[in-house]
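K.L.:
Numbering (this note's numbering), first residue to last: -4 to 244.
1) Note down the Cα distance separating residue 114 from residue 45, rounded to an integer number of angstroms.
2) Is the distance from the Cβ of residue 29 to the Cβ of residue 106 below 9 angstroms?
3) Please check the pair residue 86 and residue 77, which I expect to be a contact at CB under 8 angstroms, by giving their CB distance rounded to whole angstroms.
4) Quick one: residues in its chain with C-beta nearer than 8 angstroms to the C-beta of residue 222, no 5 flanking neighbours on either side, listed in chain order?
5) Which residue from 67, 63, 97 puts its Cα closest to that of residue 123?
6) Going by C-alpha to C-alpha distance, which of 219, 185, 92 sits closest to residue 203?
7) Quick one: what's got a C-beta closer than 8 angstroms to residue 97's C-beta in the same chain, skipping five residues either side?
8) Verify whether the separation of the beta carbon atoms of residue 83 and residue 89 is less than 9 angstroms.
9) Between the Cα of residue 217 and the Cα atoms of 238, 235, 195, which residue gives the shortest distance?
10) Taking the Cβ atom as the reference point for each residue, do residue 117 and residue 67 lie within a distance shorter than 9 angstroms?
11) Using only the alpha-carbon positions, how far apart do residue 111 and residue 65 sit?
12) Could you name the residues of the same chain whose beta carbon sits closer than 7 angstroms to that of residue 25, not counting the 5 residues immediately before and after it, in chain order?
13) I need the boundaries of the alpha helix (DSSP H) containing residue 55, first residue and last residue.
14) Between residue 40 and the rest of its own chain, which residues show a CB-CB distance below 8 angstroms, the 5 nearest in sequence each way excluded?
15) So residue 237 and residue 193 are in contact, right, with Cβ under 8 angstroms, and what is the actual spacing, rounded?
16) Please name the residue in 121, 226, 36, 52 whose C-alpha comes closest to that of residue 71.
17) Whole angstroms is fine: what's the gap from residue 253's alpha carbon to residue 135's?
18) Let me confirm a value: residue 27 is counted as buried when at least 16 other C-beta atoms fall within 10 Å, else exposed. Which label applies?
19) Can the beta-carbon of residue 52 be found closer than 9 angstroms to that of residue 81?
20) Are the CB atoms of residue 59 and residue 69 nearer to each other than 9 angstroms?
21) If we cut at 9 angstroms on Cβ distances, does residue 231 have a partner in chain C?
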């Protein structure tokens, strides 16, 4: 059975006896009653939370499937959902985000739309973290392509910490020069480096060897901003030449 609350559609599950899981609430109280008990205990009484998990566990699982959460990842997301429910119960009553059983829409128990919002938030957070992990894997792959045999030294934890501390603002555009430069073959890159102006070639060579912008600025005696500008111009110049040769070929 499908129910829609506040624009969020949640699918109720069915118990082994053929009745809805939500229907079991009559045995231990309504969801709002259980949340009231959990709130009154300041999160110290785990029994109301356990009863809520029994009442709405199947409903949460069905909703996560609708958000394309894989079965192997469900347990961690479900844990985050119920942890968030517990945290909501501990928010002081005077605060706007606190649990408020009076926020009822028609005959719908106010806990149900609250749970729908929490599930939605945690599902989105999960997919966002997966995207970040994929981006990190892509950056590691790009590093290996650009630095060649020296990529492991450039990817060590100490080098990573230096870059995090010293790096200038990162261009998040997926078509930025750094991303496209990683696709250029190593032999072609070495050849095009020789044609760059001396200042641009120097900073790009140091950058490829794993030096931070701060270290490069000290070595060539200029500001961080100037180092960033020279790096960007050098990468763009190489890409322009590669594109021209590709078009001519």
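We put the CB at the ideal spot given by N, CA and C, even for glycine.
P.N.:
In this structure, then:
1) 17 angstroms
2) yes
3) 16 angstroms between Cβ atoms; not a contact.
4) 163, 198, 208, 211, 212, 215
5) 63
6) 185
7) 105
8) no
9) 195
10) no
11) 18 angstroms
12) 104
13) 41 to 61
14) 32, 33
15) Contact doesn't hold; Cβ gap of about 20 angstroms is too wide.
16) 121
17) Because the chain spans -4 through 244 in this model, residue 253 falls outside it and cannot be assessed.
18) buried
19) no
20) yes
21) Going by chain labels, chain C is absent from the structure shown, which holds only one protein chain.
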